[in-house]
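Chains as they are written, first to last, in the numbering used here: chain A, 7 to 423; chain B, 7 to 423.
If you want it as structure tokens, here you go:
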């Protein structure tokens with residue numbers, strides 16, 4: 007091909023690119039809309055129908071502004087003449103995405119976004135709609151309530167807040183008693199996560215209305231606990247797997263376990279119309295909450311019979327780096343898989359296909375080990391989502407219909423891997 | 007006095023100042039504690055026993071960082087060698103104080119603080135304890151619940167969220183019906199303000215436990231409303247008193263009034279065990295919410311008989327700049343003060359003594375006009391507080407015990423001004 011030919015090709019390609027770009031812009035500029043997760047009347051962030059997100063941040067005197075999607079792009083924003091900095095992401099996965107903005111070294115939230123508690127601070131998030139999905143949105147169906155309750159815990163010596171979902175008919179049928187799902191948030195989040203980010207109340211309203219899930223109470227507790235009188239551990243500079251960090255996590259897990267079993271569950275059973283036996287009590291959690299679920303329930307199978315680990319399950323320290331030994335892991339409860347299947351009605355684990363390798367491998371490893379040991383369980387993969395809330399919304403959508411329905415349980419067991 | 011004398015005096019004064027300062031620092035450094043309003047485990051902001059607040063903000067590459075207390079100091083922060091910027095306030099009033107941090111022109115929230123919705127964004131706030139005051143803190147008394155409910159409004163064509171406080175015995179005495187207080191947030195806030203900033207649930211728990219207030223339901227609704235199909239007004243660059251702004255506010259007030267009376271109240275009365283008559287229905291609100299209270303209730307005295315305006319009452323546009331004409335203001339309902347006193351069981355207005363002059367004068371003017379027209383009412387002044395939440399917590403503490411207690415009402419009327 008001659009030089010002239012090359013130039014002609016290049017010109018054509020450039021023209022096509024320009025044309026395509028102009029088409030894109032024409033489409034985009036009509037198509038970007040304020041995210042449903044925005045603060046009151048905020049015009050940015052915006053999302054288009056291709057799941058691209060535009061961030062806009064006012065910092066007229068800053069010399070550098072970066073956007074930091076925790077499971078997505080981390081990039082310099084571009085300064086505009088009006089003092090605003092802007093950035094547009096490529097298409098990203100559906101669901102709410104945490105992000106922060108870094109202004110001359112200060113990591114802050116975006117005033118345009120609703121604040122969500124994540125990463126141990128009030129962070130920003132942008133909700134990217136999932137095409138065709140309405141299961142986590144409010145629909146014209148009977149609505150449950152999310153109740154903020156406070157209980158005094160003798161374990162921690164403090165007043166503790168929990169959020170409690172009561173199903174639609176709870177107040178109108180005042181003699182009916184309900185099974186209970188204890189549902190835990192992840193590390194760095196709090197008890198508000200499952201309704202504010204996760205939309206657990208709408209997911210259950212819709213599942214109950216369609217007859218897919220049994221009406222149930224959901225208790226969302228604060229996952230951090232420290233025993234009364236115990237000083238806060240000093241973990242400054244301590245690496246993740248250090249003895250100090252291990253001890254701090256162990257102490258927290260143990261205090262949480264006691265708070266849950268000695269303070270929270272008795273409080274819930276005396277405050278709400280629950281069926282207070284193990285056949286009507288489930289526990290699940292995401293990430294750190296999944297770890298807590300396995301920790302608490304295997305210590306207390308007299309209290310729970312349905313277990314779920316969403317992107318988090320076994321105690322990573324107990325498992326080590328290799329395959330768990332099923333004859334001793336989980337207090338040895340799975341050593342006899344038939345006895346375990348009779349005792350535990352549901353063992354459910356899930357992970358997003360786009361989660362970081364370490365997370366994915368951990369859950370896949372557990373799945374393989376359970377298979378190998380012939381332990382009945384459900385393994386669910388959320389397609390195209392990472393260690394983020396859309397994974398956990400889908401987890402709940404799959405998990406909740408399998409709870410408290412023994413007849414259903416049988417028919418579902420065929421799907422178990 | 008000679009030059010030498012002056013120098014000696016100056017030296018003495020300086021030495022005393024240094025000594026005093028060192029005493030202060032010695033005391034302070036032991037005394038500052040993380041605020042109860044902080045995000046999980048955050049060590050700053052801190053408050054000392056003199057009600058001084060220390061702010062600390064990480065911005066290693068910023069060239070200027072300011073702190074902006076909305077009703078308090080606005081000041082440059084000082085850069086420290088470690089990349090943190092710090093500022094210590096003089097002693098400030100008790101209660102939660104909204105603030106933001108301005109980093110090279112970007113106004114953001116402080117990651118150390120819990121995020122509170124105010125000023126139309128998720129802002130920071132620091133809680134300064136009030137010495138000896140426990141009325142707004144959780145106590146070892148029976149606890150009510152705060153319920154998040156969603157209702158579909160035909161007025162706005164949207165799903166709307168409200169928070170509902172139910173008193174302690176609501177679930178255990180399932181045949182008892184309760185009176186209802188509708189309690190509105192201020193401009194730029196939302197329905198979460200009265201529990202998150204205001205601690206209305208704890209205030210009522212404590213008042214009910216001590217027998218001071220009757221058990222009641224409190225409904226906290228979202229104060230923004232736009233009629234279905236009505237486009238958002240374009241108010242960019244429009245001054246506060248412009249015709250466009252007046253119309254936008256009028257439209258919002260009118261849509262809110264219809265949403266409240268046609269959608270919210272019927273929803274509440276069909277969802278909760280209310281006594282659904284005017285003798286058992288109150289409305290109050292702070293700032294914009296006070297304005298909405300007077301707007302809605304005077305249009306619907308067939309629905310309400312107890313009214314409260316906390317740092318906000320009459321429609322500022324209707325009142326103009328001078329004294330209202332009581333024969334025509336408020337739909338002329340007060341033209342006959344005796345008839346009004348028979349019809350309205352409580353008219354309550356309050357203001358903080360340290361509020362901005364314009365706010366204070368407006369309420370004081372209304373108080374004087376009511377006195378002059380011989381309209382029975384209660385006028386309450388919160389000592390030493392501004393247009394802030396401690397004023398409104400105190401308002402609620404004074405207001406709630408006067409509700410739904412006809413016999414009490416009589417004995418209280420002596421205190422009315």
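By construction, the Cβ of each residue, glycine as well, lies at the ideal position given by its N, Cα and C atoms.
By the Cβ neighbour-count rule, residue 133(B) is buried, with 16 or more other Cβ atoms within 10 Å of its own.
Chain A places no beta carbon closer than 9 Å to that of residue 188(B), leaving this residue out of the contacts. Bridge pairing for residue 158(B): 165(B) [DSSP]. Boundaries of the beta strand (DSSP E) harbouring residue 130(A): 127 to 134, taken from the DSSP string. By the Cβ criterion, the region 141 to 148 of chain A is in contact with the region 203 to 216 of chain A, since at least three pairs of Cβ atoms, one from each stretch, lie closer than 8 Å.
For residue 141(B), no Cβ of chain A is located within less than 9 Å of the residue's own Cβ.
Chain-order list of chain B residues neighbouring residue 120(A): 128, by C-beta distance under 7 Å. Under the three-state reduction of DSSP output, residue 44(A) falls in the strand class. Close to chain A, meaning a Cβ-Cβ distance shorter than 7 Å, is no residue of the region 333 to 367 of chain B at all. Only those residues of the region 191 to 208 of chain B whose C-beta falls short of 9 Å from the nearest C-beta of chain A are listed: 194, 196, 201, 207, 208. As the crow flies, the alpha-carbon of residue 274(A) is around 26 Å from that of residue 204(B).
Scanning 177(B), 61(B), 97(B) for the CA closest to the CA of residue 50(B) turns up 61(B).
Taking a C-beta distance under 9 Å as the contact criterion, residue 406(B) and residue 219(B) qualify as a contact pair. Counted as a single uninterrupted DSSP element, the alpha helix (DSSP H) harbouring residue 264(A) occupies residues 249 to 264. Residue 399(B): member of the alpha helix (DSSP H) spanning 395 to 405, first to last residue.
A distance below 6 Å between beta-carbons, with the five flanking residues on each side excluded, links residue 358(A) to the following residues of its chain, in chain order: 388, 391, 392, 397. The Cβ-Cβ distance between residue 302(A) and residue 233(A) does not fall below 9 Å.
Following the DSSP letters along the chain, one finds residue 74(B) inside the beta strand (DSSP E) bounded by residues 71 to 75. With respect to residue 101(B), residue 364(B) sits apart: the two C-beta atoms are not nearer than 9 Å. Scanning 122(A), 126(A), 260(A), 142(A) for the CA closest to the CA of residue 198(A) turns up 122(A). The beta carbon of residue 361(A) sits closer than 7 Å to those of 317, 392, 393, all from its chain and outside the five residues before and after it, given in chain order. For residue 63(A), the chain B residues whose Cβ falls inside 8 Å of its Cβ are 112, in order along the chain. Segment contact: the region 266 to 283 of chain A against the region 338 to 355 of chain A, fewer than three CB-CB distances shorter than 8 Å; contact not assigned.
The shortest CA-to-CA distance from residue 172(B) to any of 163(B), 184(B), 165(B) is the one to 184(B). Taking a C-beta cut-off of 7 Å against chain B, the contacting residues of the region 138 to 169 of chain A are 144, 146, 149, 151, 152, 153, 154, 155, 156, 158, 165, listed in chain order.
A distance below 6 Å between beta-carbons, with the five flanking residues on each side excluded, links residue 163(B) to the following residues of its chain, in chain order: 234. Contact note: residue 115(B) reaches chain A through 114, 115, 117, 121, 128, using a C-beta cutoff of 9 Å and chain order. If you check the CB distance, residue 265(B) and residue 375(B) do not come in under 9 Å. Residue 278(A) belongs to the set of residues whose beta carbon lies under 9 Å from a beta carbon in chain B.
Taking a cut-off of 8 Å for Cβ pairs, the region 92 to 107 of chain B and the region 52 to 72 of chain B touch, as three or more such pairs fall below it.
Nearest in C-alpha terms to residue 263(B), of all of 109(B), 289(B), 240(B), 180(B), is 289(B). Among the residues of chain B, none has a CB under 8 Å from the CB of residue 212(A); the nearest is roughly 12 Å distant.
In this structure, residue 106(A) sits near residue 129(A), with a CB-CB distance shorter than 9 Å. Positions of the beta strand (DSSP E) runs, each at least 3 residues long and wholly inside the region 297 to 364 of chain B, are given as 312 to 316, 352 to 358 in order along the chain. Rounded to whole angstroms, the gap between the alpha carbons of residue 66(B) and residue 117(A) is 21 Å.
Our two residues, residue 281(A) and residue 222(B), have alpha carbons roughly 29 Å apart in a direct line.
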